């Protein structure tokens with residue numbers, strides 16, 4: 631059993647904390663993990679992506695092949711589309727709808743959302759609004775992770791919650807709870823959306 | 336092995352070094368190598384064992400400091416990005432001549448595809464050039480284990496070992512089986528070399544040593560044939576033989592989940608093992624060479640084999656000539672059909688990196704542009720750092736970037752040729768890395784240059800490491816002989832544009848060496864400091 635995930639966003643949005651939680655949960659389940667990250671200059675407001683691979687057997691490549699990703703998880707709608715050639719024919723996209731517009735030629739948002747809407751398996755939601763709704767405005771990325779967990783068959787959501795507890799433990803109980811609430815809100819919303 | 340940890344390739348290598356009895360790391364930050372030293376700095380064992388881990392001013396001082404530690408018998412490593420090897424080339428080549436006493440491992444992290452770099456140079460070339468062995472781990476586990484092997488090898492043969500990583504391994508995490516800290520090897524006691532003669536490279540000594548080094552290199556090759564990191568894996572389908580170097584091995588195996596049907600020679604230790612290569616070529620008429628970076632091995636093998644054996648790889652277009660390897664391009668080279676995939680989206684626009692909103696470099700560029708538009712003949716020579724992004728729109732403020740420190744020295748050459756105003760824009764850390772010597776040239780020649788040091792009090796682009804000259808830049812410039820009246824300082828903020836423009840204009844109009852220090856803390860480190 632394997633799950634190949636592309637995490638996407640803009641440098642500074644916090645895709646690595648999503649990756650860290652998934653990685654921690656995967657180790658807890660005894661899975662093999664490989665996670666290729668982007669560091670350095672590209673982190674400065676450019677497009678960033680992380681290839682996250684989970685498997686019950688040996689993982690060779692640090693990179694996912696084109697057409698091999700089971701899931702694209704994106705904090706930004708246009709960035710979700712950037713990695714389409716990586717998506718497997720049966721794969722899912724789970725993305726935030728709020729654009730991050732730091733370039734002059736950002737396409738019209740409707741055309742981005744239209745294209746996402748035409749894909750066979752996509753969950754699109756405003757994770758920032760959802761985070762605010764459960765009073766965890768700084769945990770939008772955990773809303774997204776919660777939403778993605780509904781199509782992440784290989785990982786038990788409870789292990790992901792444990793991952794959140796583990797990663798945020800040193801920031802105190804209140805922060806842990808805010809992130810768990812955000813995660814649960816995302817999971818709920820995506821189940822409704824499917 | 337006592338435990339499993341999820342580690343970047345860089346971190347696995349760092350932990351491997353600590354567990355192998357490391358006494359000191361010497362380094363200058365550079366993507367993708369920075370996390371090695373940062374991991375050591377933060378790891379508990381480092382403080383317990385008083386492992387040296389402060390950043391060096393540049394790769395050359397780092398290499399020499401490590402060489403001194405090796406002379407004194409301790410295990411030490413030097414870490415840098417690939418172009419750092421150019422900066423420390425002199426002591427690195429020298430270290431092959433002096434040899435090592437305490438284990439000496441030089442770690443160079445290459446950046447094929449130039450994710451954060453100005454070129455794609457392949458550090459393995461330094462191995463054959465200097466006649467030192469090269470280790471090239473193929474995954475995170477090997478990165479951890481090879482550090483210990485490399486230290487042992489270095490001490491056994493009295494030779495530095497070059498350890499080569501590439502971006503994809505440096506910056507990818509995997510679970511690594513590693514020892515407990517309690518089982519780390521003890522550090523070496525201080526001890527000087529048994530025979531110190533070769534450590535003074537006077538020709539009378541160096542000639543003797545060089546003959547020995549050439550002999551030793553044959554020995555290194557025999558070791559590579561027997562190395563556990565190099566192995567020939569049998570395969571029933573001999574229509575093709577494959578040589579897979581370092582991380583390329585993973586991309587190969589990715590495409591054969593049930594095992595590769597062709598014979599495969601995995602190489603992770605150099606000099607390349609000729610005997611194993613000849614064994615492979617006796618089985619197969621066609622050899623595909625998979626190597627990350629430049630076609631070093633492929634080039635050597637072409638023409639070496641007897642007639643009738645084809646070598647294929649990056650040189651004949653089977654693989655892309657430039658850029659890093661991927662499971663996809665390796666798949667194509669193997670002749671396997673590509674996986675079914677969605678077409679690329681047509682609405683997606685490129686999103687290049689940009690300076691952070693509110694960054695001080697932005698304000699310097701805004702003021703500089705306002706002034707330079709009155710001097711259409713002028714040019715701004717720049718350097719390596721976040722501010723290189725000032726070449727891109729909307730700023731387009733700088734025209735050059737070559738290597739660390741070249742802004743000042745290129746401005747000198749251009750000024751002498753009559754280009755005016757000749758402006759240099761350099762960061763504070765780059766200035767202390769390689770700009771100070773050029774400034775002394777400027778002072779001695781009384782050059783007509785305006786040097787802007789964009790001082791954000793840190794080494795910004797690599798994530799905010801200490802900068803060697805923080806708090807002392809004025810003193811350094813004055814000490815090098817710049818007239819204090821022409822060392823000017825301002826705080827780059829929109830509210831200060833009139834003052835900034837006035838100072839820039841005055842110093843351009845002054846026909847001598849001026850240094851303008853534009854000083855405001857990096858927003859990334861400011862945010863981090865605010866959280867503490």
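Protein chains in written order, with our numbering: chain V, 631 to 824; chain X, 336 to 867.
Virtual Cβ for every residue (Gly too), placed ideally from N, Cα, C.
All values reported here derive from a predicted model rather than from experimental measurement.
- Query: Residue ranges of each beta strand (DSSP E) run of no fewer than 3 residues wholly in the region 583 to 667 of chain X, ordered along the chain?
  - Reply: Counting only runs of 3 or more, we get 599 to 602, 621 to 625, 645 to 647.
- Message: For residue 510/X and residue 339/X, which I take to be in contact (beta-carbon distance under 8 Å), what is that distance rounded to the nearest angstrom?
- Response: Taking the first residue of the second chain as 1, we reach residue 510/X at position 175. Taking the first residue of the second chain as 1, we reach residue 339/X at position 4. Rounded to whole angstroms, the Cβ separation of residue 510/X and residue 339/X is 5 Å, and the two are in contact under 8 Å.
- Message: Excluding the 5 residues flanking residue 450/X on each side, which residues of the same chain have their C-beta closer than 8 Å to its C-beta?
- Response: Residue numbering aside, residue 450/X sits at position 115 when the second chain is read from its first letter. Here the set comprises 366, 367, 502.
- Query: How would you list, in chain order, the residues of chain X whose beta-carbon sits under 7 Å from the beta-carbon of residue 762/V?
  - Reply: By 1-based counting over the first chain, the position of residue 762/V is 132. Listed along the chain, the chain X residues whose CB falls inside 7 Å of the CB of residue 762/V amount to none; the nearest CB is some 22 Å away.
- Message: To test your reading of the DSSP string, which unbroken alpha helix (DSSP H) runs of 4 or more residues are found completely within the region 391 to 417 of chain X?
- Response: Whole alpha helix (DSSP H) segments, 4+ residues: 394 to 406.
- Message: Please confirm whether residue 855/X has its beta-carbon closer than 8 Å to some beta-carbon of chain V.
- Response: Here residue 855/X refers to the residue found at position 520 of the second chain. Closer than 8 Å: no.
- Pairwise C-alpha distance: residue 857/X and residue 613/X: The residue you call residue 613/X lines up with position 278 of the second chain. The residue you call residue 857/X lines up with position 522 of the second chain. Spanning the two alpha carbons is a distance of roughly 55 Å.
- Message: Just to confirm my understanding: we take residue 534/X, look at its own chain, exclude 5 residues before and 5 after, and list those with CB closer than 7 Å. What are they?
- Response: Counting from 1 along the second chain, the entry for residue 534/X is found at position 199. Spatial neighbours of residue 534/X in its own chain (CB-CB distance under 7 Å, excluding positions within 5 residues in sequence) are listed in chain order as 406, 433, 528.
- Item | Complete alpha helix (DSSP H) runs within the region 433 to 521 of chain X (minimum length 4 residues, chain order) | Counting only runs of 4 or more residues that sit fully inside the region 433 to 521 of chain X, the alpha helix (DSSP H) segments are 459 to 465, 475 to 492, 502 to 505, in chain order.
- Query: Of all Cβ atoms in chain V, is any one closer than 8 Å to the Cβ of residue 341/X?
  - Reply: Within the second chain, numbered from 1, the residue matching residue 341/X stands at position 6. It does; some Cβ of chain V falls within 8 Å.
- Message: Against residue 832/X, what residues of chain V qualify as contacts under a CB-to-CB distance less than 9 Å, listed in chain order?
- Response: On the second chain, position 497 is the one that residue 832/X refers to. Those within 9 Å of residue 832/X in chain V number zero; the least Cβ separation is about 23 Å.
- Tell whether a beta-carbon distance below 8 Å holds between residue 686/V and residue 668/V. Walking along the first chain from the start, residue 686/V turns up at place 56. Walking along the first chain from the start, residue 668/V turns up at place 38. In this structure, residue 668/V does not lie closer than 8 Å to residue 686/V by Cβ.
- Message: Closer than 9 Å between beta carbons: that is the criterion. Which residues of the region 721 to 752 of chain V meet it against chain X?
- Response: If the cut-off is 9 Å between Cβ atoms, the region 721 to 752 of chain V has 721, 730, 732, 733, 734, 735, 736, 737, 738, 741, 742, 744, 745, 749 near chain X.
- Item | Classification of residue 779/X by the beta-carbon crowding that lies within 10 angstroms, buried from 16 upward | Within the second chain, residue 779/X is the residue found at index 444, counting from 1. It is exposed - the Cβ of residue 779/X has fewer than 16 other Cβ atoms within 10 Å.
- Can you grab the Cα-Cα spacing for the pair residue 782/V / residue 725/V, in whole Å? Within the first chain, numbered from 1, the residue matching residue 782/V stands at position 152. Within the first chain, numbered from 1, the residue matching residue 725/V stands at position 95. Looking at the backbone, the Cα of residue 782/V and that of residue 725/V are separated by about 14 Å.
- Query: residue 464/X and residue 441/X: beta carbons closer than 8 Å?
  - Reply: In the second chain, the residue the question calls residue 464/X occupies position 129. In the second chain, the residue the question calls residue 441/X occupies position 106. Residue 464/X is not a Cβ neighbour of residue 441/X, given a cutoff of 8 Å.
- So, is the C-beta of residue 378/X closer than 8 Å to a C-beta in chain V? Against the second chain, residue 378/X aligns to sequence position 43. It does not; no Cβ of chain V falls within 8 Å.
- Endpoints, alpha helix (DSSP H) assigned at residue 789/V: Here residue 789/V refers to the residue found at position 159 of the first chain. Start and end: 787 to 798.
- Item | Sheet register partners of residue 361/X (DSSP bridge) | In the second chain, the residue the question calls residue 361/X occupies position 26. Answer is 413/X.
- Item | Among 630/X, 679/X, 646/X, nearest to residue 655/X - alpha-carbon criterion | Translated into positions along the second chain, residue 655/X becomes position 320. Of the listed residues, the one whose Cα sits closest to residue 655/X is 630/X.
- Item | CB contact check: residue 456/X to chain V, cutoff 8 Å | Translated into positions along the second chain, residue 456/X becomes position 121. For residue 456/X, no CB of chain V lies under 8 Å from its own CB, so it is not counted at the interface with that chain.
- In chain order, what residues of the same chain have a beta carbon less than 7 Å from the beta carbon of residue 873/X, not counting five sequence neighbours either side? As displayed, chain X neither begins before 336 nor continues past 867, which places residue 873/X out of reach and without an answer.
- Query: For residue 757/V, which residues of its own chain have a beta-carbon under 6 Å away from its beta-carbon, when the five flanking residues on both sides are left out?
  - Reply: As a position in the first chain, residue 757/V is number 127, starting the count at 1. Once the five neighbours on either side are set aside, the close Cβ partners of residue 757/V are 726, 770, 773, 774.
- Message: If you follow the alpha helix (DSSP H) that residue 696/X is in, where does it begin and where does it stop?
- Response: As a position in the second chain, residue 696/X is number 361, starting the count at 1. Per DSSP, residue 696/X belongs to the alpha helix (DSSP H) from 695 to 707.
- Since residue 374/X is in the alpha helix (DSSP H), which residue starts that stretch and which ends it? Within the second chain, residue 374/X is the residue found at index 39, counting from 1. Run containing residue 374/X: 369 to 377, per the alpha helix (DSSP H) assignment.
- For residue 730/V, which beta-bridge partners are listed by DSSP? Here residue 730/V is taken as the residue at index 100 of the first chain, counted from 1. Looking at the DSSP output, residue 730/V sits in no beta bridge, so it has no partner there.
- Proximal residues, the region 655 to 678 of chain V versus chain X, C-beta separation under 8 Å: Shown in chain order are the members of the region 655 to 678 of chain V whose Cβ falls below 8 Å from a Cβ of chain X: 657, 662, 663, 664, 665, 666, 667, 668, 669, 670, 671, 672, 673, 674, 675, 676, 677.
- Query: Rounded C-beta distance between residue 430/X and residue 402/X? I'm assuming under 8 Å.
  - Reply: In the second chain, counting from the first residue as 1, residue 430/X sits at position 95. In the second chain, counting from the first residue as 1, residue 402/X sits at position 67. With a beta-carbon spacing of about 5 Å, residue 430/X and residue 402/X fall inside the 8 Å limit used to define contacts.
- Task: Indicate whether at least one CB of chain V lies closer than 8 Å to the CB of residue 780/X.
- Result: For the purposes of this step, residue 780/X is identified with residue 445 of the second chain, where counting begins at 1. Contact of residue 780/X with chain V is not assigned, every C-beta pair being separated by 8 Å or more.
- What residue range is occupied by the uninterrupted alpha helix (DSSP H) comprising residue 776/X? Mapped onto the second chain, residue 776/X falls at position 441. Segment 771 to 780, the alpha helix (DSSP H) holding residue 776/X.
- Proximity below 8 Å, CB of residue 585/X to CB of residue 690/V: Walking along the second chain from the start, residue 585/X turns up at place 250. Walking along the first chain from the start, residue 690/V turns up at place 60. A contact, by the Cβ cut-off of 8 Å.
- Are any of the Cβ atoms in chain V nearer than 8 Å to that of residue 662/X? Counting from 1 along the second chain, the entry for residue 662/X is found at position 327. Answer yes: the Cβ-Cβ gap between residue 662/X and chain V drops below 8 Å somewhere.
- For the region 690 to 709 of chain V, which residues have a CB atom closer than 8 Å to at least one CB atom of chain X, in sequence order? Taking a C-beta cut-off of 8 Å against chain X, the contacting residues of the region 690 to 709 of chain V are 690, 691, 692, 693, 694, 695, 696, 697, 698, 708, 709, listed in chain order.
- Query: Apart from the five residues just before and just after residue 693/V, which ones in its own chain have a Cβ nearer than 8 Å to its Cβ?
  - Reply: Reading the first chain from its first residue, position 63 is the one you call residue 693/V. The residues are 666, 681.
- residue 637/V versus chain X: which residues are under 9 Å apart at the beta carbon? Sequence index remark: in the first chain, residue 637/V carries index 7 (1-based). Those within 9 Å of residue 637/V in chain X number zero; the least Cβ separation is about 13 Å.
- Message: Could you give the first and the last residue of the continuous beta strand (DSSP E) run that contains residue 848/X?
- Response: Sequence index remark: in the second chain, residue 848/X carries index 513 (1-based). Note, residue 848/X: beta strand (DSSP E), 848 to 854.
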